[in-house]
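Enquirer:
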Amino acid sequence: MPTDAQLLIGKVLQIKDKIIAKRHCIPSDLKDEWRTLDEQTACFESTALYGSAVKGEQLNKRIAFSGSVKELSQLVSKLNTLNQKMSLRDSTSLPH
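Every position in the sequence shown, counted from 1, becomes a number in our numbering once 17 is added.
(1) Measure the alpha-carbon distance for L25 versus K72 and round it to whole angstroms.
(2) Which residue from G84, R40, T20 puts its Cα closest to that of L99?
(3) Is it true that the CB of V93 sits closer than 8 Å to the CB of I32?
(4) Could you give the first and the last residue of the continuous alpha helix (DSSP H) run that contains E50?
(5) Could you please give the first and the last residue of the uninterrupted alpha helix (DSSP H) stretch that includes G27?
(6) Give me the Cβ distance between L54 and K95, rounded to the nearest whole Å; I'm assuming they're in contact under 8 Å.
(7) Alpha carbon to alpha carbon, what distance is there between Q91 and Q23?
(8) Whose C-alpha, out of K28, L47, G27, K35, is nearest the C-alpha of R106?
Below, the structure written as structure tokens:
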């Protein structure tokens, strides 16, 4: 059974993927917020393994995040808020 931290990391990656998919329409006033959150969550990237893999050797994913479950929960909340702000702006810019 996954731990609370594992579930929160999964949520971080899921929300981050949603934001990355629409990164081309991040409003300029939200770009700094996105850059900050992207940096804070960079340690969870699944592609980080590719740069350190060695053929024939077992590879264990290490996460450099040293924060608490509460801090992970706050990251999830911040990412959700950013995603909602982007979605609201996107929906208001669509022609009706």
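Ideal Cβ placement from N, Cα and C applies to all residues, glycine included.
In this text, all values refer to a predicted model and were calculated from it rather than measured experimentally.
Expert: In this structure, then:
(1) 31 Å
(2) R40
(3) yes
(4) 48-57
(5) 21-38
(6) 6 Å
(7) 14 Å
(8) L47
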